[in-house]
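Peer 1:
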Amino acid sequence: MSEIAERVARVLDDPENWPDDPKEAVARQRVLADRVRVEPLDVDAVRLVAGLDVSYATDNSALSAAAVILDVQTLEVVESVAISSEPTFPYISGLFGFRELPPVLEALGALRTTPDVYLCDGFGMAHPRRFGVASHLGVLLDLPVVGSAKSVLYGKHSVPGNERGSWTPMVAGRSEVVPDSPALAREGAEVIGRVLRTRAGVKPVYVSVGHRVDLEGSAELVLRLSPKYRVPEPVRHADRLCGEHRKAVLAAKG
DNA sequence: GCGACAG
DNA sequence: ATCTTGTCGC
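Residue numbers (the UniProt record's numbering): 1 to 254.
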């Protein structure tokens, strides 16, 4: 059993990690959020990235997770895993991890290749309690995780330029005030993420630090992983795979 | 009290 | 997230 598989087993087996009540879940987030660490990410040193995603039926009857490892240089799939299970926690905005991480962890435990970085479809620190699913996963396993979301949950920002690669900062807070230069220069502006245009003229993605990476490196990595489409390749592959897997399991069950 | 609300 | 036809554009 790999080192990561062992960590996964310990994390899944600890009841403390899986509250069944939203109130307890929020309390748990506040505790774990203190363990989030920002560390430099040397993008040039990254070889393998694992994209993660989850798919589920509207009626909550099934839920599948996929982990797909890609070579950053060639963007070719090195290994992929998909598993299926049932939801154990409801969908509540801000409490994603408690619903999606159990199956994601199961998939990660089945991987035989060890990626350098993990990429989640969701937020890291750009979250009301600075503890989105990417941070949640990162802290549970103490591994480097980057968050890449498709819409905003929390924070304010202005709109980046239309060219691929342009970006604007996401700042903590809920007011209508956008973080223009004076606002950022102002003391106390807390940058929690980055709005990144990965494709010219197309809606941007929202990048944030999950755990043990930094925002600059995370954004650079996401941009490299999105040479053609809005969503970074590892997540696109994982999205497609878990969707197919869920349908296949559904068909098999009848 | 009211509006917002990742996937 | 999922359910889905047609449609606009490179």
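We treat Cβ as the ideally placed atom computed from N, Cα and C, and that holds for glycine.
Values in this document were obtained by computation on a predicted structure and should not be read as measured data.
Would you mind sorting residue 236 into buried or exposed? The rule is 16 or more other CB atoms within 10 Å of its CB.
Peer 2: The residue in question, residue 236, is buried, as its Cβ has 16 or more Cβ neighbours within 10 Å.
Peer 1: Please report how far the alpha carbon of residue 50 lies from the alpha carbon of residue 193, in whole angstroms.
Peer 2: 20 Å
Peer 1: Taking the alpha carbon of residue 126 as the reference point, which residue from 172, 83, 107 has its own alpha carbon closest?
Peer 2: 172
Peer 1: I need the straight-line Cα distance from residue 18 to residue 59, nearest angstrom please.
Peer 2: 22 Å
Peer 1: Take every Cβ of the stretch 129–137, pair it with every Cβ of the stretch 79–92, and state whether three or more of those distances are shorter than 8 Å.
Peer 2: no
Peer 1: Per the DSSP calculation, residue 71 is bridged to which residue(s)?
Peer 2: 48
Peer 1: Leaving out five residues before and five after residue 151 in sequence, what residues of the same chain have Cβ atoms less than 8 Å from its Cβ?
Peer 2: The answer, listed in chain order, is 206.
Peer 1: Does the Cβ of residue 155 have 16 or more other Cβ atoms within 10 Å, making it buried, or fewer, making it exposed?
Peer 2: buried
Peer 1: Going by DSSP, which residues form a beta bridge with residue 216?
Peer 2: Paired residues: none, contrary to the question.
Peer 1: Indicate whether the contact test is met: 3 or more Cβ pairs, each with one atom in the stretch 19–26 and one in the stretch 111–122, closer than 8 Å.
Peer 2: no
Peer 1: Please return the same chain residues whose Cβ sits closer than 8 Å to the Cβ of residue 162, not counting the five positions on each side in sequence.
Peer 2: 197, 200, 201
Peer 1: Return the Cβ separation of residue 97 and residue 41 in integer angstroms, given the expectation that the two are a contact with Cβ distance under 8 Å.
Peer 2: Not confirmed; about 21 Å, so no contact.
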